């Protein structure tokens, strides 16, 4: 149960079976940092090129293909006061006829929002652009992108997602949550980054309030537990994440994974599990901006069999 | 501000500009009943053929094409103790490879769940099939299908949805909610039915806990307010509903309608509205079983400009 | 085997079980006319409001729900020299980021192409806008929209399509083709219109070369032959049309209908039919502009069992 | 203009910036071989593990990111007489309700078709399963999967496709065709494999007639020509390939790429290009089995400006 403090010096823009930066054991905790989506760190220095740079990979001893990696998110804390975002909805989340009416910046320009993030006050305050009445939102720090080395020797951009996790941008990935990933490579090779001080569902403007973070997490390994998509649980719910396009297919993946979970691990009959899901399931929309969209399928724990 | 008590004697399986069963004035309240999705009433007699039979249409005086119909759902109360549903996920909400693993009934048979609905106790209890540990869920009565006569002389099946509303199966359509529909025909011609004692998101088993209901609603007309998709509000949120397939397009419709609402009616600049939505929007999944899917786009009222 | 000459005096913008304009018998032929998509006739007078106005409905004696209506397209001939179209791709057929780069007309204006259609020369010549080098294309007259009264008492806009046919905009619906429609209402109630002097696949600019036509067709009824989607055949191929969104679902409908056809009517085993389709199927894209898209699944007749 | 004869000894199951197996110059020709999708060679020995193993990568001198790689397919010839395939449609290409009716093999079994491929006779003859009347189809040898190292350091499975090409399974990739790929890595790093003796559109059974091949191709480099998706041309058409899901998005990519081509390289005005495409475009369906689907957008060369 070692606590490792790890300071990253290089970052990855793909999830891939790269040489690990640290080897850790089941039960170990890591205290580390993540840069923002453009590669800027706590001091607002550009530490690495943009594109959701990842801290890691961390090799978890004993994790083998076919196992499940457990990641408990102990703490996610913005480590600077400057956050940034977009000021326009992504063209793919509005009607095609509405795309021209979006607030496009003048040709050649890029328009960003700038936010003052105050962890003590738990607020993100919009500094620029100035909007009537101002805009102050509560923090809800989350990891936009994290996951493991993918299957089949692939290297998958941190701009998208898949069975390995990745850029799911789900607001439920906050401190206190336990996340499960399928293991495809020895050591699982866990990556993390793309912290958001907060974010609307879907990341429909293409960003949250982007920020560098201090992150603390604890890993474990479930030998021989085979899952197909990222899963998670918090105090009240279990959930599954499907990553694909269209959203219909992401929903199919997440729903199938939830049915499997109930039937294969909770010992519910198919009729029991599916009757329950029909009347009690919930969904949340993760990223709908990237090449792969994310749909989260949720179920309240109180409907699960007593163990 | 008349209160009408209306007992239906015929029902519609399409939303269409049919002869009204009652003419009511803005501000009027209607107390009426709905049969279940198979056409069975409070006494479990089959009053009309199946397929989401609708009570109505109600002609609202003064409502003209280009206006908005306001429907406040005052009360939705199951009026019998018997509810029914499905025991299997719909084939279209799971991975194609998983379809064979669904708990299909033997050839030629149909399998239903039967529920005991106790309004006083606020519970739906699964009576059959018998599942290990039993299943008792809280009630959350809602209208699965309601809306107005569609545009262009169409008659649209109550098995699907569109700009006119229809079979949206959104769990947020509960008592206390105000719903807005675009008016396409003189009098708007409001229909309602398909009550559910409760339902999971998406209606992924193809049914909620289907039941006949007593419904009380109050109408109003907003002259010259032009909307494109159903909208609504409750104590905490405003929301819009997009109806289409794939879910991506439903989300585009709902998001565009929300942006229009903020920009055109709340006087927010496009940059203000879209920066806000990017960091504060939420979504809920309505029906993902029918030909058209439903996505609901939500925003907390506390982020709206003070009026 | 009567030949009826029918001159329409009213038109429909929905497919619906309307009172028939003419009752015809199996084997009968009808010679009639269609107005263009905006309701203009051979003399360029506006005969009826726009929106794919339909000639019909024709009641075919003996056609009952569960039967199949056979329509042989004997002749489709533009009956004036003026055709029109759009000069811009539809926003929904290009990447969302490309929508702003389309050649939008100035605000408040509409831009049309104007074509000189010469049936004798078999050419459509672009008159306006003037483009470098000019543009002369061969004619390929087709019906954009035709079909029968839909199921369930629906009235479906001629702007879209479904099991009943409708606005499929498939370039294969030319003279010489035999089309099969499921019958949902007594008499089938056949409608036709929306002639195009020619059209690219997908109707991706939202129009073909729109024109009024003289049409001649011959009907028949296949008692007890139950089909689910429009089917057709020409000299070389049999084909099925699936109508839905996304295109993936249209393809599923068309492919399933083709498999059923081979297995249920041609007596092929499922393995035979599906092995053959895997190595010999072809697809064509119908309308990808309307609410429902159209995908056509084709198979060369030479691979069918000798009858 | 060297002609290289290259015998592969290792294969790749991802497109990735791997060390090149051969460096070749613009204008050079390569004569090489490909194994079948399961890794079996001309002698039916398993040379490498399954999953569309690729021959290559070939480093093309002078190709830099932002350039275009030109690959002329000189010859694709099956180099053995044994081909294999599937005997069942893929579950994702039929209606969800039809999945159970597919000819699934008994649990634990896999069912393949076996074909006798006769290059001299130009036929593929179905040997097993035995079907009534037999099945003999003409050969149409093609490459199912080929492309270049992807952008951003990704390694993309040869089971899918993207801007880099990959498993597009388009029947138009036959001898005589010239294909253009965007260059993302120095030397482009060209891979090829997955030969099919023939294939239906869409690869809807999940395979063509899978076979090892002798392939001859000639490369060139177009400096500074920036394209976004694979393009191609044959004697009669130019075409573009979009790779994504749903098919709607693949169509958007391909159509946008075609509009860019006409406008940016053929000097057509946007109105000219889009008016022409509206009335003359064609589409073909590539792979609809893999994670990313392929849609090909085609235009006859006779409508292009004289150069």
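Protein chains in written order, with my numbering: chain A, 1 to 307; chain B, 308 to 614; chain C, 615 to 921; chain D, 922 to 1228. Glycine included, C-beta positions come from ideal geometry on N, C-alpha and C. As the structure is a prediction and not an experimental result, all values here were calculated from the model.
As DSSP reads the structure, residue 1057 of chain D sits in a beta bridge with D:1046. By the CB criterion at 8 Å, residue 1217 of chain D and residue 1175 of chain D fall inside the cutoff.
Runs of the beta strand (DSSP E) lying entirely within the segment 241-286 of chain A, each at least 3 residues long, are 282-285 in chain order. Scanning A:280, A:226, A:195, A:303 for the CA closest to the CA of residue 34 of chain A turns up A:195. Three or more beta-carbon pairs separated by less than 8 Å are not found between the segment 1037-1047 of chain D and the segment 894-902 of chain C, which leaves the two stretches without contact. When rounded, the separation of the alpha-carbon atoms in residue 798 of chain C and residue 505 of chain B is 34 Å. Under the DSSP assignment, residue 1102 of chain D falls in the beta strand (DSSP E) whose first and last residues are 1099-1103.
Shown here, residue 1136 of chain D sits in a strand according to DSSP, grouped into three states. Residues of the same chain with a CB within less than 6 Å of the CB of residue 971 of chain D, apart from the 5 flanking positions on each side, are 959, 960 in chain order.
Judged by DSSP in its simplified three-state form, residue 1222 of chain D adopts helix. Using a Cβ distance threshold of 8 Å, residue 1005 of chain D and residue 1025 of chain D do not count as a contacting pair. Short of 7 Å from the beta carbon of residue 678 of chain C, and not among the five residues preceding or following it, lie these beta carbons of its own chain, in chain order: 797, 800.
Judged by beta-carbon spacing, residue 973 of chain D lies within the 8 Å limit of residue 1088 of chain D, meaning their Cβ atoms are closer than that value. Each residue's CA atom was taken as its position, placing residue 1016 of chain D and residue 435 of chain B some 30 Å apart. Taking CB atoms only, residue 564 of chain B has no neighbour in chain C less than 8 Å away. The criterion of a C-beta distance shorter than 8 Å is satisfied by residue 189 of chain A and residue 59 of chain A. According to the DSSP assignment, residue 534 of chain B belongs to no beta strand (DSSP E), since it is labelled neither H nor E. A Cβ-Cβ distance of about 6 Å is found for the pair residue 658 of chain C and residue 694 of chain C, placing them in contact under the 8 Å criterion. Between residue 882 of chain C and residue 854 of chain C, the CB-CB gap reaches or exceeds 8 Å.
Bounds of any beta strand (DSSP E) do not take in residue 349 of chain B, whose DSSP letter is neither H nor E. In chain order, 858, 859, 860, 863 make up the part of chain C whose C-beta sits under 8 Å from the C-beta of residue 552 of chain B.
Within the segment 621-647 of chain C, not one residue has a Cβ closer than 7 Å to any Cβ of chain A.
Distance from residue 833 of chain C to residue 684 of chain C at the Cβ level is roughly 6 Å; contact confirmed, criterion being Cβ atoms closer than 8 Å. With contacts defined by Cβ atoms closer than 8 Å, residue 211 of chain A and residue 36 of chain A form a contacting pair. Looking at B:330, B:308, B:363, B:337, the one whose alpha-carbon comes closest to that of residue 317 of chain B is B:363. In the DSSP assignment, residue 687 of chain C is bridged to C:831. Residue 84 of chain A has A:114, A:210 as its beta-bridge partners, per DSSP. Per DSSP, the unbroken beta strand (DSSP E) holding residue 329 of chain B starts and ends at 329-331. In its chain, beyond the 5 residues on either side, 939, 974, 975, 977, 978, 1079, 1112 have a beta carbon closer than 8 Å to the beta carbon of residue 933 of chain D. Closest by C-alpha distance to residue 271 of chain A, out of B:399, B:532, B:437, is B:437. Per DSSP, residue 1019 of chain D has no beta bridge partner at all.
Contact between residue 375 of chain B and residue 545 of chain B does not hold, since the beta-carbon distance rounds to 14 Å and is not under 8 Å. Boundaries of the beta strand (DSSP E) harbouring residue 365 of chain B: 361-367, taken from the DSSP string.
Counting other Cβ atoms within 10 Å of its Cβ, residue 100 of chain A stays below 16 and is therefore classed as exposed.
Judged by their CB atoms, residue 1074 of chain D and residue 155 of chain A are nearer to each other than the 8 Å cut-off. Per DSSP, residue 13 of chain A has no beta-bridge partner at all.
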